[in-house]
Amino acid sequence: MLRRYVPVRGCAGRRRYVVLIALLALFLLVRSLPALKSDLNSRAGIALSEDRPRYLYHSAFRRNPDRGYEEQLSNALQGIERQQLSLNSHEDKTHTLWQIMLGLDPSAEIRSEDSLKFEKKNSEWKYSLVTTEWAEEFITVTLASIPGLSSLYHSYPHHVLRADLLRYLILWYFGGYYADTDVFPARSIKQCPSLRNSVFQIDNPDISLVVGIEIDEPFASPKKMRDWHWVRSYGFIQYTMYAPRRFSPLLREVIVRVLSHTKRHIDESNIFLGARYNELTTLEITGPGVFTDAILDVLSDTLPANHSLVAESLEADAGLGDLVPEFSTTPQERVTWAPFYRLKEPLCVEGAEAKPGTQLGGLCVLPVNAWGNGQRHSGSEDFGSSHACINHRFGGTWKPWKQSWKKYLFG
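Residue numbers for the sequence shown, in the numbering used here: 26 to 436.
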């Protein structure tokens, strides 16, 4: 009896085909994952040690940025500013407490004890909880003239990314005080020592943004950086911030960069799997990384060369060379982290200190123990510190990639 058989070579060929398809799929998946830590700092190859401080980092997202798109964004934001200020509206929301809670039923009892205590402790402030529905109208209607805003906002796979962008937009547009929902009060905002000694000393300070220090470890070794999952060894807090005035130029630049970096991340991602975000890319695209860089760069672009912050930055760079560009021997006259290292008192720069023709809006930086207690680094004290104004639980619940691989890959 004749028997049919399949040649062995045919089976092997099909197996090779399946293996090739699997390898291609794996390659595309790996290519779609966020950049590694070393890719986020364009000078990561420079040797680091505990006796060599780093006061300036260079994000990979600032290499060849889309200047044309960033100019469009800046012009659109300034157009909104001019249009709104011309209305002479008497509605003032700079005395509003803002918190964001996306993706949950707004009618449910969902606010935490921390959030309720924060509102109660500051009862003289108006409280506003931003929900998914409110945010949708704010993005698509109120700010519809900002090019690409709606599509980029909706492209984010995780609520934490939208919440990052929203806090900048809300404080830029309305002003007020923002806090994450896992922040709890040590004392009321009005009784905060650092605020009483700075922006609350006069009725109309020439300040548009108040930030605190979260990370202050410029001498951190590579091991310490890895252990703490840091891209840079310094940074401003963005889980709470205060805008005494609307339309801070500092926040405007933060918004421009967040949108520009998001667009770039999408453009450079795998066309089939789309943009993916992990802890490091989130910090650089929407989080404290881009927030800190934008503030330092606005200070650098607006303050005169003889300003004390520039002088301190240049002095601290002596012997380090971080301010000396490639193919040059002359250091840049700019602001680095150096003036904020081990800050003990609020450091404020008024808007009037900016060069003619530039917009700063004014900035106050609070020491780490105003808003950054409870950490095991940066000279942070405990939650009961006499300097503490608010405390943060640092729960890390904003990291969906730690919840499950499905959550990380598919949102």
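Ideal Cβ positions, reconstructed from N, Cα and C, are used throughout, including at glycine.
Residue i - partner residues in DSSP beta bridges
i           : result
residue 266 : 203
residue 234 : 388
residue 241 : 259
Limits of the beta strand (DSSP E) - the one that residue i falls within
i           : result
residue 198 : Segment 184 to 198 is the alpha helix (DSSP H) holding residue 198; no beta strand (DSSP E) there.
residue 259 : 259 to 261
residue 151 : 151 to 155
residue 372 : 372 to 374
Through-space distance from residue j to residue i, alpha-carbon basis
i           : j           : result
residue 103 : residue 389 : 22 Å
residue 343 : residue 365 : 17 Å
residue 412 : residue 218 : 7 Å
residue 222 : residue 358 : 30 Å
residue 404 : residue 410 : 12 Å
residue 309 : residue 113 : 37 Å
residue 320 : residue 160 : 25 Å
residue 70  : residue 182 : Residue confidence is low: residue 70 scores 41 on pLDDT, short of 50, so the model does not pin down where it sits. No coordinate-derived value is stated.
residue 157 : residue 146 : 26 Å
residue 84  : residue 292 : 17 Å
residue 97  : residue 373 : 30 Å
residue 408 : residue 167 : 39 Å
residue 346 : residue 76  : 15 Å
residue 299 : residue 399 : 37 Å
residue 164 : residue 152 : 20 Å
residue 258 : residue 95  : 27 Å
Residue range of the unbroken alpha helix (DSSP H) whose run includes residue i
i           : result
residue 125 : Here residue 125 belongs to no alpha helix (DSSP H); instead the beta strand (DSSP E) covers 121 to 125.
residue 210 : That residue, residue 210, is in no alpha helix (DSSP H); its beta strand (DSSP E) goes 208 to 210.
residue 280 : 274 to 292
residue 439 : As displayed, the chain neither begins before 26 nor continues past 436, which places residue 439 out of reach and without an answer.
residue 336 : 333 to 342
residue 180 : 174 to 180
CB contact flag (residue i, residue j, <8 Å)
i           : j           : result
residue 349 : residue 305 : no
residue 307 : residue 260 : no
residue 417 : residue 242 : no
residue 169 : residue 125 : no
residue 99  : residue 224 : no
residue 362 : residue 237 : no
For the stretch 281 to 291 and the stretch 82 to 93, state whether three or more C-beta atom pairs, one from each stretch, are separated by less than 8 Å.
-> Cβ pair count under 8 Å is three or more, so yes.
Quick one: any contact between the stretch 187 to 196 and the stretch 258 to 278, if contact means 3 or more CB pairs under 8 Å?
-> Segments in contact, yes.
Could you tell me whether the stretch 108 to 126 touches the stretch 201 to 212, where touching means 3 or more Cβ pairs closer than 8 Å?
-> Counting C-beta pairs with one atom in each stretch, the stretch 108 to 126 and the stretch 201 to 212 have three or more that are closer than 8 Å, which means they touch.
Inspect the CB distances between the stretch 379 to 389 and the stretch 229 to 244 and report whether three or more fall short of 8 Å.
-> yes
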